[in-house]
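Data first, discussion second: the structure below is written as structure tokens.
Numbering (the working numbering), first residue to last: 820 to 1117.
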């Protein structure tokens, strides 16, 4: 049977663990907010890129948009290298491979790149192997550099392997802080989206706005440059959403752990009080017994 001192040590250890859990929960909550703000900070940047694309396409009767085919898709799977985030890597990997295998039956025509060593480990027992493994950024400040590295590799693979489409799979926050996989085709840009951008610029021209943009460089070169910026913004947002989802999963895990620790502390404190009361009662009985024995001797 545990002594009062044993129970006291268990209570202190559990309280220390609760302090660690609360700290991790606070860090996860702060990180979620930072990544969400990073994604929202792109609003003006993306608006400018969309306006530019719409203006370039405004007078083009046939926009130079390639149609996506299933011949040779390139997939980026964004995972997590941190613990306590549930089945994030497994869910994203399953969603990505299922979708890409439906597009291309031949393994030689399926190309994967991944972010995160743990995501790469999901391919160990599969016929497909990732072409490139990228390190996940550890903070908001590293997202831009990571996105630039990925897009540089995507362009190289696209030129060398005749890629027909670029897909991204990542986690996003779902209901009650759960994570769920999300799929987006970033390239080629959907025809309907480009036509929407173009129509907005035509409406702006028809309204005789006095602040219409102007450009002097080659239209095709400018279009390609703007598409690059569009891809940067889209991938930046996807990576920020994935990192926010990772921390949301960790926050949910920490909240569950904190609840369990609180319940355990309640039980330990109740047992501690009960055991202490028993010790006090035993000590009082010993005193009474001793006093009675002395009284009988006298």
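For every residue, glycine included, the Cβ atom is placed at its ideal position computed from N, Cα and C.
Neighbourhood of residue i by C-beta distance below 7 Å, restricted to the same chain and skipping five residues each side
i	result
residue 980	891 and 930
residue 950	930, 931, 932 and 976
residue 861	1052, 1055 and 1056
residue 829	1087
residue 873	1016, 1017, 1019 and 1020
Whole-Å CB distance - residue i paired with residue j, under 8 Å assumed
i	j	result
residue 986	residue 941	Not a contact, Cβ separation roughly 16 Å.
residue 826	residue 1084	About 11 Å; that fails the 8 Å criterion.
residue 905	residue 1045	The pair is not a contact, with the Cβ atoms about 38 Å apart (cut-off 8 Å).
residue 897	residue 1061	4 Å
Pair within 7 Å by beta-carbon distance, residue i and residue j
i	j	result
residue 1059	residue 857	yes
residue 1057	residue 1002	no
residue 1063	residue 855	yes
residue 907	residue 998	yes
residue 926	residue 946	yes
residue 875	residue 1051	no
residue 966	residue 1049	no
residue 1005	residue 1053	yes
residue 953	residue 973	no
residue 909	residue 1000	no
residue 823	residue 1092	no
residue 959	residue 863	no
Chain-order list of residues whose beta-carbon lies under 6 Å from that of residue i (same chain, five-residue window excluded)
i	result
residue 894	915, 919, 931 and 986
residue 955	900, 934 and 935
residue 1102	none
residue 850	1066
residue 869	1016
residue 1008	none
residue 831	none
residue 885	Because residue 885 sits at a pLDDT of 49, beneath the cut-off of 50, its placement in the model cannot be relied upon, and the following sentence gives the value as read from the coordinates. Once the five neighbours on either side are set aside, the close Cβ partners of residue 885 are 1007.
residue 928	891
residue 887	Its pLDDT being 45, under 50, residue 887 is placed unreliably in this model, and the value from its coordinates should be taken loosely. Result list for residue 887: 984 and 1007, in chain order.
Terminal residues of the beta strand (DSSP E) in which residue i lies
i	result
residue 931	930-934
residue 877	That residue, residue 877, is in no beta strand (DSSP E); it is neither H nor E in DSSP.
residue 951	951-953
residue 1001	998-1006
residue 846	Counting along the chain, residue 846 falls outside any beta strand (DSSP E), though it belongs to the alpha helix (DSSP H) covering 823-859.
residue 990	984-992
residue 894	892-897
Same chain, Cβ closer than 8 Å to residue i, five either side skipped, listed in chain order
i	result
residue 847	1066, 1067, 1069, 1070 and 1073
residue 1081	837
residue 833	1080, 1083, 1084 and 1087
residue 963	1055
residue 924	none
residue 948	931 and 942
residue 1047	970
Limits of the unbroken alpha helix (DSSP H) element including residue i
i	result
residue 919	907-922
residue 962	962-980
If you pair each beta-carbon of the region 1003-1018 with each one of the region 835-849, do three or more pairs fall below 8 Å? no
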